[in-house]
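For reference, the structure is listed below as structure tokens.
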Ligand code: ZN
Ligand code: ZN
Ligand code: FE
């Protein structure tokens, strides 16, 4: 019996080979009808036997093409239109503005095969791509997503490429970046003065330069990388010196999993992440011994590792290196370079040679960084491969632009129940990053066709993102408390709306009382919060200087516990920084000179790290805290005393913990044990605090958010500790737990406040 059905499919279904896929599936099931792009996705009309129609619908929804992501399917009966074949209808010229744009995707297996096939016309062509792979987000200037609206508009397709592009049965049907050696972009080698080098085979010559220990700037998908042979210690050191990056680990890229095994271990879930089409940098534990240069990731237990994601990467690595250092092409923390001229100007002092190409990058996108904790992938940085995929919310929001925080900034715009969190913008501390921030807002608004009606921003009056929000005219601004935003971001991505206990732990966030918060126990609603407790305030001598010089925080906690007698303690850091300086800091604390108060847990980590002798000065925020985590010996069981004062506001007094640490140092307990006991203490203490709150409120749900939860020991320890006590624990898997997730929380809170 013949039946007729209509399928409306929403999600990432355009520009991902969806219609040809539907066409081939319909043909295979001998169905008649048509498929068309609509303003919200794809619409399919099918006529055929009921078995065929059912099988077709099931296969399509259960097994869509690789880059597609179906968010909603509506299947309903329809009336026959007398089709005698299956057709792909031409797109309407306008109206596909509500569809989702695919993120940039790594080279697929089919293209890889052609890349290495000497008989293929795209043999060794570094820009090979198809409907299932290649650049998307980074080359789009405007919508609809068609070639003239991408940076491929400068390349006229040759006849063969055009016929692939026009053929619904071809895997390059409507692949907007389709190209070949005859008609597409090309690579070129330049020296660091910008002179073009004559080269028959620029990629092979680039490999030779790398083999010889030179530093190359290589133009990639979302920006430039600085590249060097990861086995060559002097070359890696030179790169660090030129980039003025002292210790922060450098990311590496290897050809395949086998190559990675020479220096790092990956569990099955990590291998899956490495091989995923998003190709993030995955943090993997170092092997000992390993083959890479010591200065790739000194003092770290981890390597940041990725697999090749463009054809060019594949060609650079195949058969040549165990690993290449692939670090962002920037100086310090400025935005990564994307433009050829800009790269030559900014990276010329760092790179010896440049491997350039002439396909423009419209929007920079850093490599994403993930680490698996408790069996789940956690974003440390969410960018290439994931953006602009939205976070799907429980309900529709008003159109809102949320400006994010200051460090690790992202922005977020909302459309219906979709929240689009931007790629990593960076630290809004310089004009270049601020410009990138503004550009990202304009770009996302344009390609997503969103005109925000409200703006949300942090409460911190001096954040550049807050200033931006306040400068916008004719639009209402909602200021959102930082730690409330952390917790609601976590609620939003877990689609939870009911109030819960929020533990928001980070380095710095502006509090409702004007002080610096960061160790916060909140009772969080979507539209408001109550502060149930926090770590007792301590002075931060020298304000921001105490972040770069964590020994100042050590003095502050020790002063809280011992007063002036801290000078009699046998702690190595006191002599390392010098008694005089320590005395000055004590004076600042006692006379309340430039010493704002903080309740930050991140700072307590810093202070303890200094006490046990890890480091007195840091190159980036959180470095001492990370060192403390890296050091911990997970087999240690003990813990320190702690003191939580009860009352209207719970206050955690760090003194007993600090004294326990100092006593252990005196007893020459190994620092790895002290570190673990410190972690154990926090886990036990916060779990018990939650139990106390449950006794008063009956609340069984806890959300964990804030940069401190990048700490795997704390996140997995506290999750397990709370679960054992019967709590449901929410944490982040879709946006970073650090300030990269703030913009999502801001948007959801602003909507809830406005809806009241
Ligand atoms: Zn492909
Ligand atoms: Zn061509
Ligand atoms: Fe934060």
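Residue numbers (our numbering): 45 to 800.
Yeah, the Cβ is synthetic: ideal placement off N, Cα and C, and Gly gets one too.
Note that the structure is predicted; figures quoted are calculated from it, not measured.
Per-residue DSSP class, three states only, for residue i
{"i": "residue 155", "result": "helix"}
{"i": "residue 55", "result": "strand"}
{"i": "residue 652", "result": "helix"}
{"i": "residue 426", "result": "coil"}
{"i": "residue 454", "result": "coil"}
{"i": "residue 194", "result": "strand"}
{"i": "residue 67", "result": "helix"}
{"i": "residue 49", "result": "strand"}
{"i": "residue 572", "result": "coil"}
{"i": "residue 148", "result": "coil"}
{"i": "residue 636", "result": "coil"}
{"i": "residue 279", "result": "helix"}
{"i": "residue 462", "result": "strand"}
{"i": "residue 624", "result": "helix"}
{"i": "residue 724", "result": "helix"}
{"i": "residue 642", "result": "strand"}
{"i": "residue 102", "result": "helix"}
{"i": "residue 421", "result": "strand"}
{"i": "residue 120", "result": "strand"}
{"i": "residue 780", "result": "coil"}
{"i": "residue 792", "result": "helix"}
{"i": "residue 187", "result": "coil"}
{"i": "residue 786", "result": "helix"}
{"i": "residue 710", "result": "helix"}
{"i": "residue 734", "result": "helix"}
{"i": "residue 715", "result": "helix"}
{"i": "residue 434", "result": "coil"}
{"i": "residue 616", "result": "helix"}
{"i": "residue 181", "result": "helix"}
Test item: CB-CB of residue i and residue j under 8 Å
{"i": "residue 801", "j": "residue 513", "result": "The chain is shown from 45 up to 800; residue 801 falls before or after that span and cannot be answered."}
{"i": "residue 323", "j": "residue 359", "result": "no"}
{"i": "residue 733", "j": "residue 577", "result": "yes"}
{"i": "residue 53", "j": "residue 85", "result": "yes"}
{"i": "residue 274", "j": "residue 367", "result": "yes"}
{"i": "residue 243", "j": "residue 249", "result": "yes"}
{"i": "residue 779", "j": "residue 450", "result": "no"}
{"i": "residue 591", "j": "residue 665", "result": "yes"}
{"i": "residue 109", "j": "residue 171", "result": "no"}
{"i": "residue 763", "j": "residue 752", "result": "no"}
{"i": "residue 121", "j": "residue 49", "result": "yes"}
{"i": "residue 533", "j": "residue 788", "result": "yes"}
{"i": "residue 597", "j": "residue 650", "result": "yes"}
{"i": "residue 673", "j": "residue 782", "result": "no"}
{"i": "residue 314", "j": "residue 294", "result": "no"}
{"i": "residue 259", "j": "residue 146", "result": "no"}
{"i": "residue 600", "j": "residue 582", "result": "yes"}
Nearest-angstrom Cβ-Cβ length linking residue i and residue j, presumed shorter than 8 Å
{"i": "residue 167", "j": "residue 161", "result": "6 Å"}
{"i": "residue 354", "j": "residue 265", "result": "5 Å"}
{"i": "residue 676", "j": "residue 594", "result": "Not quite, the Cβ-Cβ distance comes to about 17 Å (not below 8 Å), so this is no contact."}
{"i": "residue 808", "j": "residue 423", "result": "The structure shown has nothing for residue 808, since the chain only spans 45 to 800."}
{"i": "residue 100", "j": "residue 90", "result": "6 Å"}
{"i": "residue 330", "j": "residue 308", "result": "6 Å"}
{"i": "residue 644", "j": "residue 551", "result": "6 Å"}
{"i": "residue 487", "j": "residue 407", "result": "5 Å"}
{"i": "residue 272", "j": "residue 279", "result": "5 Å"}
{"i": "residue 112", "j": "residue 79", "result": "Their Cβ separation, rounded to whole angstroms, is 13 Å, which puts residue 112 and residue 79 out of contact at 8 Å."}
{"i": "residue 668", "j": "residue 659", "result": "5 Å"}
{"i": "residue 93", "j": "residue 45", "result": "7 Å"}
{"i": "residue 569", "j": "residue 749", "result": "Wrong, their Cβ atoms sit about 15 Å apart, outside the cutoff."}
Contact between the region 435–454 and the region 782–796 (3+ Cβ pairs under 8 Å): Yes, since at least three Cβ pairs between the region 435–454 and the region 782–796 fall closer than 8 Å, the two stretches touch.
Does the region 296–308 come close enough to the region 387–405 to have 3 or more Cβ pairs within less than 8 Å? Judged by Cβ distances under 8 Å, the region 296–308 makes no contact with the region 387–405, as fewer than three pairs qualify.
Contiguous alpha helix (DSSP H) assignments of at least 4 residues, all confined to the region 208–233: Unbroken alpha helix (DSSP H) stretches of 4 residues or longer found wholly inside the region 208–233: none.
Beta strand (DSSP E) segments (min. 3 residues) lying fully within the region 298–353: Runs found: 325–329 and 346–350.
Please give me, in chain order, every unbroken run of the alpha helix (DSSP H) with length at least 4 that falls completely inside the region 480–567. Entirely contained in the region 480–567, the alpha helix (DSSP H) runs reaching 4 residues are, in chain order, 508–515 and 526–537.
Are at least three pairs of beta-carbons, each pair with one atom in the region 546–562 and one in the region 621–630, less than 8 Å apart? Segments in contact, no.
The region 679–688 touching the region 697–716, judged by at least three CB pairs closer than 8 Å: Contact check between the region 679–688 and the region 697–716: three or more CB pairs, one atom from each, fall below 8 Å, which counts as touching.
Is it a yes or a no for the region 201–210 touching the region 423–435, going by three-plus beta-carbon pairs under 8 Å? Here the region 201–210 makes no contact with the region 423–435; the two share fewer than three CB pairs at distances below 8 Å.
Does the region 170–179 come close enough to the region 376–389 that 3 or more CB-CB pairs lie under 8 Å? Contact check between the region 376–389 and the region 170–179: fewer than three CB pairs, one atom from each, fall below 8 Å, which does not count as touching.
Complete beta strand (DSSP E) runs within the region 742–773 (minimum length 3 residues, chain order): Within the region 742–773, the complete beta strand (DSSP E) runs of at least 3 residues are 745–749.
If you pair each beta-carbon of the region 553–564 with each one of the region 753–762, do three or more pairs fall below 8 Å? No contact exists between the region 553–564 and the region 753–762.
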